[in-house]
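Colleague: My questions will all concern the structure given below.
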Amino acid sequence: MVCVALERSGMASVTAVLRSNYEKVLQHGFEIDSIDHGKLSGWRPSSVVNAVPLADQESPFDYVIVTVKNIPEVNNVPKIIAPAVTQDHTTIVLFQNGLYIEPPIIEAFPSNVVLSAPSYIGAHELNGSVIHDDHDNFHIGVFHNQALDKAMERAKLEEFAAIYNGSKVVDADIVDDIVFYRWRKVLWNGIFNPMCAITQLDSAAIRRFGGEHSLIRPGMEEMAAIAKADGYDLGAGIVDDVVDGTPLELSFRPSMLVDVDKGNPMEVEVILGNALRVAREKGVQTPILDNTYRFLKLTQARLLAARGLIVEPKELPTTDFIYKFARSAPITQAVVQYLEMERIDAHTHCVPPSYREYCLQSDFAGNGYPDGMPAIPEWSASAHIELMKKLNIKQSILSMSSPGTHLTPGNNEEGRLVTRRANIDMSKTCADHPDKFLFFASLPLPDVEGSLAEIDYALDHLGAVGFQILTNSHGIYPGDARFKPVFDKLSERKTIAFLHPTTCLIQHLGENTLSKVMPVPGFSAPMMEFMFDSTRALMNLLTSGTVDRCPGITFLACHCGGTFPPILQRVAEFSPMLPGLGNGVSAEQMKNVLQTRFYFDLAGVPFPDQIHGLLRMVDSSRLL
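This is the structure we're talking about:
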């Protein structure tokens with residue numbers, strides 16, 4: 001259809017290089033039924049050839065337009081088009097899928113202008129018969145070559161767009177930054193295409209059968225995060241827009257799925273591989289897309305082997321061969337390194353024997369049932385190190401768990417003593433196993449003075465790497481004004497605040513006593529109430545101004561942020577009603593704070609469901 005648009009403009013003569021349909025088109029022309037150009041019978045461009053022609057130095061080609069599939073394993077685009085390109089003259093126009101496909105062209109032809117156009121044209125060709133059922137509308141721009149003059153590149157762009165639009169029935173829209181539009185297309189193309197090819201489900205079926213929320217949306221969130229790290233913010237709500245714009249009523253088979261149907265190799269590297277290369281360069285973690293790529297590489301290997309383009313060594317089992325083949329790409333090597341790397345566990349609870357014994361003797365665990373759990377567990381460094389070996393964990397960051405170290409409301413002396421003893425015990429464990437353990441020190445909150453002293457002592461003498469802050473300290477939440485000196489000190493010391501839940505406490509109106517909240521008998525607090533108390537703490541911090549006031553603190557929230565993700569918008573809507581907040585805090589403001597100031601650990605049971613809500617607020621680079 002590119003040939004038709006150019007020829008019908010009356011401003012261009014086109015030489016079309018055809019392959020399998022060459023003889024039929026040469027003799028009978030194309031039979032075209034086009035939504036833009038109408039019915040054309042026996043139509044041919046000015047010239048039809050079956051090989052890339054050698055450029056005539058007296059009358060060189062002004063433009064070489066590339067529409068061939070971009071599959072590095074099969075074809076080398078610069079080598080294919082080289083005979084037709086005249087140095088310093090021919091403009092190369094890429095009507096191809098993929099991301100960052102232009103640099104290899106610039107490297108091969110450093111003195112030629114490169115134009116780039118991710119086409120959205122809907123057309124299907126079979127043996128010279130073309131059905132064109134979607135309007136020819138695309139964005140086109142310069143992919144800047146730093147060796148060339150921008151004004152000259154722009155002039156070539158405007159000239160080509162004018163020719164293409166000459167028929168008055170198509171739309172080639174000039175844009176300043178074509179990479180944005182390639183990211184915008186790969187957001188759909190890099191998700192639906194691979195996942196439909198792997199599952200052999202069409203775009204509607206993969207959504208209906210459950211893939212939308214388990215794969216499609218999370219994969220798009222990862223792709224949008226890569227684009228953002230690359231400097232291209234695709235906008236809030238873009239994933240919803242793209243998914244919702246893929247109708248359930250239309251059983252569309254993406255190009256990769258069609259390739260699998262026909263046994264043809266797919267555009268794996270330019271569509272998905274290049275995006276993941278950017279992710280590795282920018283430090284964006286993409287677990288769903290990484291595994292999609294690995295599965296896709298296996299499918300590609302099968303297709304290539306079936307066509308004799310690669311040979312499976314007989315002396316190696318298939319699994320070993322595929323593994324070696326998949327590892328051959330630089331991006332896959334990076335992914336393999338990531339999956340095989342040793343892990344650091346930021347959420348490891350230790351129970352010093354002295355602390356456990358004190359809690360049991362003093363009944364601080366509630367007759368041996370802390371937070372409704374069966375018992376206070378026993379813990380030893382040696383047993384935990386064995387567990388770390390089994391799970392390939394390089395280091396664990398120790399911390400106390402609920403009910404913390406300030407055990408009796410109002411008894412600051414006891415709180416300071418228990419806190420100091422626990423911190424010393426954790427410090428000693430780290431000193432005994434320096435390559436295995438780090439620790440987050442505890443604080444005797446709500447004792448502010450005791451906490452200020454403990455911050456300096458733990459950092460200066462015990463080697464703490466941060467501090468555990470319970471979601472409430474005898475009913476007082478972290479953003480409370482009474483805790484301002486503590487958070488200011490943490491910010492001044494530029495340290496980590498690890499937020500961990502505990503049982504909610506309430507104070508009844510007209511009473512001075514606090515009581516723990518266990519609404520449903522038999523259901524322990526960690527099962528559900530911990531998730532809600534994490535939500536209360538995050539809501540309190542984000543609406544109190546504490547995070548903005550304390551730029552030196554790195555916040556680590558556990559359990560995927562509890563139940564905060566699904567109610568963030570609700571908190572934003574109600575925030576103007578809170579005293580002192582004026583117009584409130586918008587959802588976008590809160591998401592920005594979470595993306596830039598918070599990390600989230602994946603302890604508990606984040607998969608397969610809870611993680612999706614969190615990834616609507618932050619990208620995968622904020623997950624630990």
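Using the numbering used here, the first residue of the sequence shown is number 1, and each one after it goes up by one.
We put the beta carbon where it would ideally sit given N, CA and C, even for glycine.
Can at least three beta-carbon pairs, one atom from the region 49-57 and one from the region 275-289, be found at a separation below 8 Å?
Modeller: In short, these stretches do not touch, since the Cβ pair count stays below three.
Colleague: So what does DSSP say about Gly141, is it helix, strand or coil?
Modeller: As a working mapping, residue 141 is identified with position 141 in the sequence shown. Gly141: strand per DSSP, three-state reduction.
Colleague: Quick one: grab the DSSP three-state call for Glu315.
Modeller: Within the sequence shown, the letter at position 315 stands for residue 315. Residue placement at Glu315 is poorly supported in this model, since its pLDDT is 49, which falls under 50; the coordinates are not used for a value here.
Colleague: Report the residue ranges of all beta strand (DSSP E) runs contained in full by the region 163-234; include only those spanning at least 3 residues, in chain order.
Modeller: Fully enclosed beta strand (DSSP E) runs of 3 or longer: 171-174.
Colleague: Report the rounded CA-to-CA distance for Ala329 versus Leu490, giving the unit in angstroms.
Modeller: Within the sequence shown, residue 329 is the residue found at index 329, counting from 1. Within the sequence shown, residue 490 is the residue found at index 490, counting from 1. Interpretation of Ala329 is limited by its pLDDT of 46, a score under 50 that renders its predicted location unreliable; no figure is taken from the coordinates.
Colleague: Determine the closest residue to Leu541 out of Ile344, Pro104, Leu470, with distance taken between C-alpha atoms.
Modeller: Mapped onto the sequence shown, residue 541 falls at position 541. Comparing Cα positions, the closest option is Leu470.
Colleague: State buried or exposed for Thr596, treating a residue as buried only when at least 16 other CB atoms are found within 10 Å of its CB.
Modeller: For the purposes of this step, residue 596 is identified with residue 596 of the sequence shown, where counting begins at 1. Thr596 is exposed by the Cβ-count criterion.
Colleague: Would Ile140 and Leu99 qualify as a contact pair, given that the criterion is a beta-carbon distance under 9 Å?
Modeller: Taking the sequence shown and counting its residues from 1, the one referred to as residue 140 is at position 140. Taking the sequence shown and counting its residues from 1, the one referred to as residue 99 is at position 99. In this structure, Leu99 does not lie closer than 9 Å to Ile140 by Cβ.
Colleague: List the DSSP bridge partners of Tyr599.
Modeller: Here residue 599 refers to the residue found at position 599 of the sequence shown. Partner(s): Leu556.
Colleague: Thr318 to Ile611, Cα distance in whole Å?
Modeller: Here the question's residue 318 lines up with position 318 in the sequence shown. Here the question's residue 611 lines up with position 611 in the sequence shown. Low confidence applies here, because Thr318 scores a pLDDT of 42, under 50, leaving its location unreliable and the question unanswered by this model.
Colleague: Classify Ala306: buried if its beta carbon has 16 or more other beta carbons within 10 angstroms, exposed otherwise.
Modeller: Position 306 of the sequence shown, counting from 1, holds the residue named residue 306. Result: exposed.
Colleague: Among Asp363, Asp345, Ala197, Gly210, which residue has its Cα nearest to the Cα of Asp297?
Modeller: In the sequence shown, residue 297 corresponds to position 297, counting from 1. Asp is not the amino acid found at residue 297; the sequence shown has Lys there. Minimum Cα distance to Lys297 is reached at Ala197.
Colleague: Starting from Tyr477, follow the beta strand (DSSP E) in both directions and report where the run begins and ends.
Modeller: Within the sequence shown, residue 477 is the residue found at index 477, counting from 1. Looking at the DSSP string, Tyr477 is not in any beta strand (DSSP E), and its letter there is neither H nor E.
Colleague: In chain order, what residues of the same chain lie with their CB nearer than 7 Å to the CB of Pro255, ignoring the 5 residues before and after it?
Modeller: As a first step, residue 255 is located in the sequence shown; it is residue number 255 there, counting from the start. The amino acid at residue 255 is misidentified as Pro; the sequence shows Ser. For Ser255, where only same-chain residues beyond five positions count, the Cβ hits under 7 Å are Asn193.
Colleague: Around the C-beta of His500, are 16 or more other C-beta atoms found within 10 angstroms, so that it is buried, or is it exposed?
Modeller: Locating residue 500 in the sequence shown gives position 500, where the first residue counts as 1. That one is buried.
Colleague: Are Val186 and Lys156 closer than 9 Å when you measure CB to CB?
Modeller: Against the sequence shown, residue 186 aligns to sequence position 186. Against the sequence shown, residue 156 aligns to sequence position 156. No, Cβ-Cβ distance for Val186 and Lys156 is not below 9 Å.
Colleague: Whole angstroms are fine: how far does the CA of Ile32 sit from the CA of Met132?
Modeller: Translated into the one-based positions of the sequence shown, residue 132 becomes position 132. Translated into the one-based positions of the sequence shown, residue 32 becomes position 32. The sequence given here places His at residue 132; Met does not occur at that position. One C-alpha to the other measures close to 7 Å.
Colleague: Given a cut-off of 9 Å on the beta-carbon distance, is the pair Asn423 and Asp447 in contact?
Modeller: Residue mapping note: residue 423 aligns to position 423 of the sequence shown, counting from 1. Residue mapping note: residue 447 aligns to position 447 of the sequence shown, counting from 1. The answer is no: Cβ separation not under 9 Å.
Colleague: Alpha carbon to alpha carbon, how far is Ala236 from Ala225?
Modeller: Residue 236 sits at position 236 when you count from the first residue of the sequence shown. Residue 225 sits at position 225 when you count from the first residue of the sequence shown. For Ala236 and Ala225, the distance between alpha carbons rounds to 11 Å.
Colleague: Please classify Glu31: does DSSP put it in a helix, a strand, or coil?
Modeller: Against the sequence shown, residue 31 aligns to sequence position 31. In the structure shown, Glu31 sits in a strand (DSSP, three-state: E or B).
Colleague: Considering only the alpha carbon of each residue, which of Glu73, Lys79, Leu602 lies closest to Arg343?
Modeller: Within the sequence shown, numbered from 1, the residue matching residue 343 stands at position 343. Nearest of Glu73, Lys79, Leu602 to Arg343, Cα basis: Leu602.
Colleague: Between Met539 and Val571, how many whole angstroms is the CB-CB distance? I'm expecting something under 8 Å.
Modeller: Position 539 of the sequence shown, counted from the start, is the residue given in the question as residue 539. Position 571 of the sequence shown, counted from the start, is the residue given in the question as residue 571. Yes, they are in contact, since the Cβ atoms of Met539 and Val571 sit about 5 Å apart, within 8 Å.
Colleague: Does the beta-carbon distance from Leu309 to Gly219 come in below 9 Å?
Modeller: Taking the first residue of the sequence shown as 1, we reach residue 309 at position 309. Taking the first residue of the sequence shown as 1, we reach residue 219 at position 219. Not a contact, by the Cβ cut-off of 9 Å.
Colleague: So within the region 525-557, which uninterrupted beta strand (DSSP E) runs reach at least 3 residues, ignoring any that extend past its ends?
Modeller: If we require 3 residues or more, the beta strand (DSSP E) runs fully inside the region 525-557 come out as 554-557.
Colleague: Give every residue of the same chain whose Cβ lies closer than 6 Å to the Cβ of Gly29, excluding the five residues on either side of it in the sequence, and list them in chain order.
Modeller: Locating residue 29 in the sequence shown gives position 29, counting from the first residue. Hits under 6 Å: Gly42, Trp43, Arg44.
Colleague: Using the Cβ count rule (16 or more neighbours within 10 Å means buried), how would you classify Gly211?
Modeller: Position 211 of the sequence shown, counting from 1, holds the residue named residue 211. It counts as buried.
Colleague: Could you tell me which uninterrupted alpha helix (DSSP H) segments, each at least 4 residues in length, are contained entirely in the region 363-431, listed from first to last along the chain?
Modeller: If we require 4 residues or more, the alpha helix (DSSP H) runs fully inside the region 363-431 come out as 381-390.
Colleague: Do Pro72 and Val270 count as a contact pair if the criterion is CB distance below 9 Å?
Modeller: Here residue 270 refers to the residue found at position 270 of the sequence shown. Here residue 72 refers to the residue found at position 72 of the sequence shown. The answer is yes: Cβ separation under 9 Å.
Colleague: Quick one: using the 10 Å Cβ neighbour count with 16 as the cut-off for buried, is Asp425 buried or exposed?
Modeller: Position 425 of the sequence shown, counting from 1, holds the residue named residue 425. Counting Cβ neighbours within 10 Å, Asp425 comes out buried, since at least 16 surround it.
Colleague: Roughly how many whole angstroms lie between the Cα atoms of Leu18 and Phe180?
Modeller: Along the sequence shown, read from residue 1 onward, the residue named residue 18 stands at position 18. Along the sequence shown, read from residue 1 onward, the residue named residue 180 stands at position 180. Those two C-alpha atoms are separated by around 31 Å.
Colleague: When you compare the CB positions of Lys466 and Thr419, do they come within less than 9 Å of one another, or not?
Modeller: Stepping through the sequence shown from its first residue, residue 466 is reached at position 466. Stepping through the sequence shown from its first residue, residue 419 is reached at position 419. Here residue 466 is Gly; the residue named in the question, Lys, does not match the sequence. Result no, Cβ atoms of Gly466 and Thr419 do not sit closer than 9 Å.
Colleague: Starting from Ala5, follow the alpha helix (DSSP H) in both directions and report where the run begins and ends.
Modeller: Looking up residue 5 in the sequence shown gives position 5. Segment 2-8, the alpha helix (DSSP H) holding Ala5.
Colleague: In this structure, what does DSSP give as the bridge partners for Leu438?
Modeller: Sequence index remark: in the sequence shown, residue 438 carries index 438 (1-based). DSSP, once it has assigned bridges, lists Ile397 as partnering Leu438.
Colleague: So for His433, helix, strand or coil by DSSP?
Modeller: Translated into positions along the sequence shown, residue 433 becomes position 433. Residue state, collapsed to three classes: coil.
Colleague: With DSSP collapsed to three states, give me the class of Ile92.
Modeller: Residue mapping note: residue 92 aligns to position 92 of the sequence shown, counting from 1. Strand.
Colleague: Return the first residue and the last residue of the alpha helix (DSSP H) that Leu115 is part of.
Modeller: On the sequence shown, position 115 is the one that residue 115 refers to. Run containing Leu115: none in the alpha helix (DSSP H); it sits in the beta strand (DSSP E), 114-116.
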